[in-house]
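J.: One structure coming up, written as structure tokens, with questions to follow.
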Amino acid sequence: MSIIKAENLRFVYSPGTSFEKTAIDDVSFEIEEGEFVGVIGHTGSGKSTLVQLLNGLLRPDEGRIILNGKDIWEKPKKIREIRFKVGMVFQYPEYQLFEETVYKDIAYGPGNMGLDNEEIDKRVREAASFVGLRDDQLEVSPFELSGGEKRRAAIAGVIAMDPDVLILDEPTAGLDPLGRDALLSRIVDYHNVRKNTVLLVSHSMEDIARLADRILVMSHGKKYMLDDSEKVFSKGRELEEIGLRVPQITKIMLMLKERGISADTSVLTVEHGFNEIVNLTGTAKGV
Amino acid sequence: MVSGITLGQFLPGKSFIHKMDARSKIVLLMAFIVFIFLCRNFVSLLSMTIFGLIVIFLTRISFLKYLKSLRVILVVTILTGILNLFYGRGDVICEWWIFRITSGGINNAIFVIVRIAILVMISAVLTYTTSPTDLTDGLERLMKPLTIFHIKVHEIAMMMTIALRFIPVLLEETDKIMNAQKARGADFESGSLIRRVRSLIPILIPLFVSSFRRAGELAMAMECRCYNGGKNRTRMKVLHYGYRDLLAVICCGAVFTGVILTNNYFGALI
Numbered sequence: 022m023s024i025i026k027a028e029n030l031r032f033v034y035s036p037g038t039s040f041e042k043t044a045i046d047d048v049s050f051e052i053e054e055g056e057f058v059g060v061i062g063h064t065g066s067g068k069s070t071l072v073q074l075l076n077g078l079l080r081p082d083e084g085r086i087i088l089n090g091k092d093i094w095e096k097p098k099k100i101r102e103i104r105f106k107v108g109m110v111f112q113y114p115e116y117q118l119f120e121e122t123v124y125k126d127i128a129y130g131p132g133n134m135g136l137d138n139e140e141i142d143k144r145v146r147e148a149a150s151f152v153g154l155r156d157d158q159l160e161v162s163p164f165e166l167s168g169g170e171k172r173r174a175a176i177a178g179v180i181a182m183d184p185d186v187l188i189l190d191e192p193t194a195g196l197d198p199l200g201r202d203a204l205l206s207r208i209v210d211y212h213n214v215r216k217n218t219v220l221l222v223s224h225s226m227e228d229i230a231r232l233a234d235r236i237l238v239m240s241h242g243k244k245y246m247l248d249d250s251e252k253v254f255s256k257g258r259e260l261e262e263i264g265l266r267v268p269q270i271t272k273i274m275l276m277l278k279e280r281g282i283s284a285d286t287s288v289l290t291v292e293h294g295f296n297e298i299v300n301l302t303g304t305a306k307g308v
Numbered sequence: 100m101v102s103g104i105t106l107g108q109f110l111p112g113k114s115f116i117h118k119m120d121a122r123s124k125i126v127l128l129m130a131f132i133v134f135i136f137l138c139r140n141f142v143s144l145l146s147m148t149i150f151g152l153i154v155i156f157l158t159r160i161s162f163l164k165y166l167k168s169l170r171v172i173l174v175v176t177i178l179t180g181i182l183n184l185f186y187g188r189g190d191v192i193c194e195w196w197i198f199r200i201t202s203g204g205i206n207n208a209i210f211v212i213v214r215i216a217i218l219v220m221i222s223a224v225l226t227y228t229t230s231p232t233d234l235t236d237g238l239e240r241l242m243k244p245l246t247i248f249h250i251k252v253h254e255i256a257m258m259m260t261i262a263l264r265f266i267p268v269l270l271e272e273t274d275k276i277m278n279a280q281k282a283r284g285a286d287f288e289s290g291s292l293i294r295r296v297r298s299l300i301p302i303l304i305p306l307f308v309s310s311f312r313r314a315g316e317l318a319m320a321m322e323c324r325c326y327n328g329g330k331n332r333t334r335m336k337v338l339h340y341g342y343r344d345l346l347a348v349i350c351c352g353a354v355f356t357g358v359i360l361t362n363n364y365f366g367a368l369i
């Protein structure tokens, strides 16, 4: 059974005014439990609106979102519980830190869930170790941390709620390459250990290609495609038409193929691409 | 969630009033407010009201917008109106327990309500038709004489410009932070008053922090462009008085003189 399912979603900003804008237009999809799904799209394609619909921060004008078999807006008063199940990490989440210590800030979400202190303590420490914060860092003010550490503390605040679905909206924006790789590998570790569903919104095709099982492509508020990563990126021309691109290594493979060389266009990582080219040159020498 | 704030909103246009110089608008507005309080009988009050409505009509902005600006102070206005009913001398119209409504009280109530309503709407004329930059420019020029008392007029005007400029930015930021905290289960809508006030802390602290950060960045950016206060600073758009301003001054002068004359001629009600 799919964990989260969108049925004919439609969302309009400021309806009835001159600023009316349809941000999401008839979008349907299903995401299976334990999947790692990448969400890509041009700026303004509706990615951020879509993820906010999924955890009930916005209410769709039409259509339904089914979480674990239940419409999330069935009981609007209970929408908070949906937000605990679908954890959302916004862009630049470090700007939401507010408590006196990192520990208290991570405990804010679990505290709102009404858990007892023992459970909160366990979750805070687990979440902190997932994102790689040291124990002594839990007792300092979040404003004393470095930029990357602040970001990780904020993500821990969402992970500590132990959501079934974790949505990350461009978690690596503004981080240096090292920090970016470290953060992403921690998210992957978390995904592998907890086996929960992760949705990653990103502009980096390389990251998405490396991490995601499937990719949801959004364009002008509509679902453009939802398919396995290899299949999505093998359609390089189509992606470029909607303002996206494919990972550089995949692009090389696509260009080789256009020149009549039988290169494998489902290559997504540099290592894989390197091997493919070595193979190709090997056979070329043989001829 | 944070929207529908009309106070201090600028609505661009090309009307007579829009094209007037900001300085004359500010001075005439102040004079208007003084004279609305100088009205002492219904004739002068009515003429000021009609004059105010003509000005509002001249701005070519929907009257609904002005009614919206009234909504903010509706409760206060009605409350002062009701309170004024019981203060006043004259013939007693009805009496109950310690409450006594007199004809003077009714007059008072009408005057207070009309004055406040006109006051708010005519102030809205200024903010609706003058861009924040023009407004602060105008204020700066008008306050210039105060520099001889060592008041930093330019700095005050710059602070006002910056404050106005960042209102929409802060609103957007508030929205973002609210969403982020809601995603962590923050609840702003239920619980006792104290709980609700406490639930604002997770919004206010990040908002303060980012405001200070933004202020620092802005100060740095201004210094990088060699900003060092108002000294020797020239303007891209210099304010100019035109025939419209002369016309407006003459009209206002005529109406205001009329108010004084009618006050004397018809006698004072309050």
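Top to bottom, those sequences are chains A and B.
All letters in the first sequence, in the order written, are residues 22 to 308 by my numbering.
All letters in the second sequence, in the order written, are residues 100 to 369 by my numbering.
Yeah, the Cβ is synthetic: ideal placement off N, Cα and C, and Gly gets one too.
1) Find out if the Cβ-Cβ distance for the pair residue 62 of chain A, residue 238 of chain A is shorter than 9 Å.
2) Count the other CB atoms within 10 Å of the CB of residue 214 of chain A; is the residue buried (16 or more) or exposed (fewer)?
3) Is the CB-CB distance between residue 174 of chain A and residue 115 of chain A below 9 Å?
4) Report the start-end ranges of each alpha helix (DSSP H) in the region 110-136 of chain A that is 4 residues or longer and not cut off at the edges.
5) Does the separation of the CB atoms of residue 270 of chain A and residue 241 of chain A fall below 9 Å?
6) Extract the residue ranges of the alpha helix (DSSP H) inside the region 139-185 of chain B, only unbroken runs of 4 or more that lie entirely within it.
7) Counting C-beta neighbours from all protein chains within 10 Å, is the total for residue 316 of chain B 16 or more, i.e. buried, or is it exposed?
8) Taking the alpha carbon of residue 278 of chain B as the reference point, which residue from B:293, B:305, B:297 has its own alpha carbon closest?
9) Are the Cβ atoms of residue 255 of chain A and residue 225 of chain A separated by less than 9 Å?
10) Determine, using beta-carbon pairs with one atom in the region 102-115 of chain A and one in the region 45-54 of chain A, whether at least three such pairs fall under 8 Å.
11) Tell me, please, whether the region 109-122 of chain B touches the region 334-342 of chain B by the rule of three or more beta-carbon pairs shorter than 8 Å.
12) Is it buried or exposed for residue 290 of chain B, if we count other Cβ within 10 angstroms and need 16 for buried?
13) With distances taken between CB atoms, is the gap from residue 185 of chain A to residue 125 of chain A smaller than 9 Å?
14) So residue 108 of chain A and residue 30 of chain A are in contact, right, with Cβ under 8 Å, and what is the actual spacing, rounded?
15) Where residue 84 of chain A and residue 93 of chain A are concerned, what is the direct C-alpha to C-alpha distance, given to the nearest angstrom?
16) Measuring CB to CB, does residue 144 of chain B end up less than 9 Å from residue 214 of chain B?
17) What residue does the beta strand (DSSP E) around residue 205 of chain A start on, and which one ends it?
18) Could you list the residues in the region 125-153 of chain A with a C-beta less than 7 Å from some C-beta on chain B, going in chain order?
19) Closer than 8 Å is the cut-off here; do at least three beta carbon pairs connect the region 59-76 of chain A with the region 241-261 of chain B?
20) What residues in its chain sit with their C-beta under 6 Å from that of residue 354 of chain B, if we drop five residues either side in the sequence?
21) For residue 274 of chain B, which of helix, strand or coil comes out of DSSP?
22) Quick check: the region 228-238 of chain A against the region 247-263 of chain A, are there 3 or more CB pairs under 8 Å?
23) Grab the span of the alpha helix (DSSP H) containing residue 319 of chain B for me, first residue to last.
24) Listing by chain order, which chain A residues have their CB less than 7 Å from the CB of residue 280 of chain B?
25) Mapping DSSP to helix, strand and coil, what is residue 108 of chain A?
26) If we count the other Cβ atoms within 10 Å of its Cβ and call it buried at 16 or more, is residue 307 of chain A buried or exposed?
27) What does residue 286 of chain B reach in chain A if we use C-beta pairs closer than 9 Å?
28) Looking at the C-beta of residue 305 of chain B, does it have a partner C-beta in chain A at a distance below 9 Å?
29) Which residues, in order along the region 69-94 of chain A, keep a beta-carbon less than 8 Å from a beta-carbon of chain B?
30) Just to confirm the assignment, what range does the alpha helix (DSSP H) spanning residue 252 of chain A have?
31) Taking C-beta pairs closer than 8 Å, name the residues in chain A that residue 276 of chain B reaches, listed in chain order.
32) Using a Cβ-Cβ distance under 9 Å, would residue 376 of chain B count as near chain A?
33) Under DSSP, the beta strand (DSSP E) around residue 34 of chain A begins and ends at which residues?
34) Using a 10 Å radius around the Cβ and a threshold of 16 neighbouring Cβ atoms, would you call residue 220 of chain A buried or exposed?
35) Pull out every residue of the region 102-113 of chain A whose Cβ sits closer than 9 Å to any Cβ of chain B, in chain order.
36) So, at 7 Å on beta carbons, what are the nonlocal neighbours of residue 284 of chain A in its own chain, with the 5 sequence-adjacent residues on each side left out?
T.: Quick look at the numbers:
1) yes
2) exposed
3) Between residue 174 of chain A and residue 115 of chain A, the C-beta spacing is below 9 Å.
4) 123-133
5) no
6) 141-157, 162-170, 173-184
7) exposed
8) B:305
9) no
10) no
11) yes
12) So residue 290 of chain B ends up on the exposed side.
13) no
14) Incorrect: roughly 20 Å between the Cβ atoms, too far for contact.
15) 11 Å
16) Result yes, Cβ atoms of residue 144 of chain B and residue 214 of chain B sit closer than 9 Å.
17) Looking at the DSSP string, residue 205 of chain A is not in any beta strand (DSSP E); the run it does join, the alpha helix (DSSP H), is 198-215.
18) 129, 130, 133, 134
19) Not touching, per the Cβ criterion.
20) 150
21) Residue 274 of chain B sits in a helix when the DSSP states are folded into three classes.
22) Segments in contact, yes.
23) Looking at the DSSP string, the run of the alpha helix (DSSP H) that includes residue 319 of chain B is 300-323.
24) 117
25) strand
26) Here residue 307 of chain A scores only 47 on pLDDT, less than 50, and its place in the model should not be relied on; the value that follows carries that caveat. Counting Cβ neighbours within 10 Å, residue 307 of chain A comes out exposed, since fewer than 16 surround it.
27) 101, 133
28) yes
29) Listed by position along the chain: 73, 76, 78.
30) Where residue 252 of chain A is concerned, the enclosing alpha helix (DSSP H) starts and stops at 250-254.
31) 116, 117
32) Residue 376 of chain B falls outside the range modelled here, since chain B spans only 100 to 369, and no answer is possible.
33) 23-34
34) buried
35) 102, 104, 105, 107, 108, 109, 110, 111, 112, 113
36) 274, 277, 278, 297, 301
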